[in-house]
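Q: Can you keep this structure in mind? I'll have questions shortly.
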Amino acid sequence: MILALLCIGLIFLVWDIRLRISHCLHGKKRYNRFNRVQTQGARFVLAVATAYTGFRLVVEDTLRKHLPPRFMILSNHQSLADIPILAHVFSENILGFVAKRELRRGFPSVSIALRKGKHALISRKGDFNAARRELVKLAGYAAAGVCPVVFPEGTRSRTGRVGPFHSAAVRTILDEVQLPIVSVAVDGGYRIAGLRGLTQNLDNCLYRVKLLTLYPDTKERSKVRAILDRTHGEISKQVDQWRKNES
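If you're matching positions, the sequence shown starts at 867 in this note's numbering and goes up one per residue.
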């Protein structure tokens, strides 16, 4: 386990350097190249975790073949691992995450990817105007083909239970660009949140991802709220079903 964690840490450091080099060489003009480096790093980390620990990733993506070229992803949120895992699952697309601004520094690979990629970094201090500017910017990226990823809970669930969904980020993006919505359920990340979780639970972690429903695009606020309520219900039901099956 210790050796596997050291290998994963080394991959993150190498991945961080590759991202910096890619951004310096290609910048915004060749963002597809930068995005490929991001997804490659996620794939390598998952490969090492799967090969040298008991970590297992199970993806149910029968909906995948029905997805349009661009869409918004709504997912529950359990750990920082949700970001690279979703990038891996949707590796054929460029994802733009709505993430907390505090992740800009201190996390090898993830921080540089969020800082230099096409993402919206929101401060927890509640600066509404700054948050809206970030979301409008992400909507502009979506018009060019980026798929926004929103965690409507607004924060990670420490227990894995799905918290209330908030609509502000989703409404702000959809006010700027019309996108269909894909609901995605994830589970297992809360077990490996933080260093203690990694060292104690990575060897036994079953991480699940399931694409649930594709909703048509809409800008009507009542319909957006209804979609959020429905996605919350179906994601909660899926997570509860996984827990029941495990027990």
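Ideal Cβ placement from N, Cα and C applies to all residues, glycine included. Note that this is a predicted model, so its numbers are computed, not measured.
(1) When the Cα atoms are used, what is the spatial distance from R1087 to E1019?
(2) Decide yes or no for the touch test of the segment 1044-1063 against the segment 906-913: beta carbon pairs closer than 8 angstroms, at least 3 of them.
(3) Taking one C-beta from the segment 917-932 and one from the segment 1064-1077 each time, how about it: are there three or more such pairs within less than 8 angstroms?
(4) Between T905 and D1069, is the Cβ-Cβ spacing less than 7 angstroms?
(5) If you run the structure through DSSP and keep just helix, strand and coil, what is F921?
(6) Going by C-alpha to C-alpha distance, which of V1028, Q1104, F900 and A1051 sits closest to N959?
(7) With a CB to CB cut of under 8 angstroms and the five nearest residues on each side skipped, what residues in its chain are close to R930?
(8) When the Cα of P1046 is compared with those of R1091, D1083 and G1063, which residue comes out closest?
(9) Could you tell me the distance, in whole angstroms, from the CA atom of Q1044 to the CA atom of A915?
(10) Taking buried to mean at least 16 other C-beta atoms within 10 Å of its own C-beta, is C1071 buried or exposed?
(11) Under 7 angstroms Cβ to Cβ from S975, same chain only, skipping five residues before and after it: list those, please.
(12) Does H889 pass the burial test, meaning 16 or more other C-beta atoms within 10 Å, or should it be called exposed?
(13) In three-state DSSP terms, what is E926?
(14) Near G1055, which residues of its chain fall below 7 angstroms by C-beta distance, leaving aside the five closest residues on each side in sequence?
(15) Rounded to whole angstroms, what's the CA-CA distance from R971 to R1109? Just pull it up for me.
(16) On the CB-based measure, 16 or more other CB atoms within 10 Å of its CB, does A917 come out buried or exposed?
(17) Which of the three DSSP states, helix, strand or coil, is assigned to T1049?
(18) Quick one: what does DSSP say K966 is sitting in, helix, strand or coil?
(19) Would R967 pass as a contact of S989 if the rule is Cβ separation under 7 angstroms?
(20) Indicate the three-state DSSP secondary structure (helix, strand or coil) for L946 in the structure shown.
(21) How far does the beta strand (DSSP E) with V1073 in it extend, from its first residue to its last?
(22) At the level of alpha carbons, what is the spacing between D1066 and A1009?
(23) Which of the three DSSP states is assigned to L1061 in this structure?
(24) Less than 7 angstroms between C-beta atoms, sequence neighbours within five positions excluded: which residues of the same chain meet that for A953?
A: Taking the structure as given:
(1) In this model, R1087 and E1019 are separated by some 18 angstroms (Cα to Cα).
(2) In short, these stretches do not touch, since the Cβ pair count stays below three.
(3) A contact exists between the segment 917-932 and the segment 1064-1077.
(4) Judged by beta-carbon spacing, D1069 lies beyond the 7 angstroms limit of T905, meaning their Cβ atoms are not closer than that value.
(5) Here F921 carries a coil assignment [DSSP, helix/strand/coil].
(6) It is F900.
(7) Its chain contains L1077 as the residues whose beta carbon lies nearer than 8 angstroms to that of R930, once the 5 sequence neighbours on both sides are disregarded; these appear in chain order.
(8) Per the Cα distances, D1083.
(9) Cα-Cα distance, rounded: 38 angstroms.
(10) Around the beta carbon of C1071, a 10 Å sphere encloses 16 or more other beta carbons of the protein chains shown; the residue is thus reported as buried.
(11) F878, W881, D882, L885 and G907.
(12) By the neighbour-count criterion, in which 16 or more other beta carbons inside 10 Å mark a residue as buried, H889 falls on the buried side.
(13) E926 falls in the strand class under three-state DSSP.
(14) Cβ neighbours of G1055 within its own chain (closer than 7 angstroms, five residues either side excluded): Q944, S945, A947, D948 and Y1073.
(15) For R971 and R1109, the distance between alpha carbons rounds to 34 angstroms.
(16) Its Cβ having fewer than 16 others within 10 Å, A917 is exposed.
(17) What sits at residue 1049 in the sequence shown is Ser, not Thr. In this structure, S1049 counts as strand in the three-state DSSP scheme.
(18) In this structure, K966 counts as strand in the three-state DSSP scheme.
(19) Taking a C-beta distance under 7 angstroms as the contact criterion, R967 and S989 qualify as a contact pair.
(20) Judged by DSSP in its simplified three-state form, L946 adopts coil rather than helix or strand.
(21) Residue identity differs from the one stated: residue 1073 is Tyr in this sequence, not Val. Taken as a continuous stretch (DSSP letters only), the beta strand (DSSP E) holding Y1073 covers L1072 to Y1081.
(22) For clarity, residue 1066 is Gln in the given sequence; the question names Asp instead. Straight-line measurement puts the Cα of A1009 at about 42 angstroms from the Cα of Q1066.
(23) If DSSP states are grouped into helix, strand and coil, L1061 belongs with the helices.
(24) Beyond the five residues adjoining it in sequence on each side, A953 comes within less than 7 angstroms, by CB distance, of Q904, T905, A908 and L961 in the same chain, given in chain order.
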